[in-house]
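If you count the sequence shown from 1, position 67 lands on 70 in our numbering, and the numbers rise without skipping.
For each residue, glycine too, the CB sits at the ideal point set by N, CA and C.
Owing to the predicted nature of the structure, the values given are computational and were not obtained by experimental measurement.
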Amino acid sequence: AVVSTQSTGNKNFRDTCLLATLLQVDWIREYSRCHYTKRVKEADNYELLSAVVEEAVFASQLTDNSDLEGIVSEKLRDMHSDEVGDFLSSYLANWSALSTHQLKLAIRVAEEGEVSNLLRIMKHNIEETGVFDETSRYILQNIDVSKCLRENAELYGEICDLLVEAGLDSTVCYKRPGNK
């Protein structure tokens with residue numbers, strides 16, 4: 004789901020981020036943040052939204068700071084649940100190739116909205132491939148189980164049942180609720 008920064012008209016964002024981080028220049032950081040916030044607000048289609056999400060992922064990898072992810076998360080939180088589900092389905096289409104930073108952002112977006120969107124995508128992937136891969140394991144190990152159970156215990160149970168039926172490692176499903 005990587006989108007070229009050239010398609011968004013902002014090919015210098017990553018360089019600016021890198022310079023601000025390396026030189027630790029606050030005004031460059033603030034300029035980048037303001038410019039980024041404007042781009043997120045203007046993102047009104049999948050390509051633009053995907054591009055700003057990837058920039059947030061890049062910045063969090065570079066700085067270990069999730070400020071930009073928070074801006075994206077806020078934008079997605081303001082969208083209708085179906086739109087967020089559609090976005091996540093497309094963004095997470097290459098399920099097994101997702102980076103840890105991409106997964107962290109997906110979990111954050113899901114937990115701040117409807118976690119069922121992410122659970123549905125994971126269930127579909129497990130059903131389609133018959134594999135409980137590292138991506139699915141990471142999500143189940145890091146998602147707020149208590150929110151999953153409050154929001155859609157049936158769907159969470161179906162995922163765990165799939166793992167049991169397939170003879171796959173289902174121990175990750177049974178961590179104590181409330182643990183992340």
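Range covered by the alpha helix (DSSP H) that runs through residue i
i: residue 148; result: 148–168
i: residue 115; result: 103–115
i: residue 134; result: Residue 134 -> no alpha helix (DSSP H), and no H or E assigned at all.
Residue environment, residue i, which counts as buried when at least 16 other CB atoms sit within 10 Å
i: residue 167; result: exposed
i: residue 120; result: buried
i: residue 48; result: exposed
i: residue 174; result: exposed
i: residue 41; result: exposed
i: residue 109; result: buried
i: residue 138; result: buried
i: residue 96; result: exposed
i: residue 53; result: buried
i: residue 99; result: exposed
Same chain, Cβ closer than 7 Å to residue i, neighbours up to 5 away in sequence not counted
i: residue 116; result: 79, 80, 84, 87
i: residue 169; result: 133
i: residue 128; result: 98, 139
Close Cβ partners of residue i (< 6 Å) along its chain, the five nearest in sequence each way excluded
i: residue 112; result: 76, 79
i: residue 162; result: 126
i: residue 171; result: 135
i: residue 144; result: 175
Cut-off 8 Å between Cβ atoms - residues of its own chain near residue i, not counting five sequence neighbours on either side
i: residue 114; result: 146, 147, 150
i: residue 142; result: 106, 109, 110, 121, 125
i: residue 103; result: 141
i: residue 118; result: 146, 147, 150, 151, 154, 155
i: residue 60; result: 72, 102, 104, 105, 108
Hey, which unbroken runs of the alpha helix (DSSP H) at 4 residues or more fall wholly within the region 49–85?
If only uninterrupted alpha helix (DSSP H) runs of at least 4 residues are considered, those enclosed by the region 49–85 are 49–66, 70–80.
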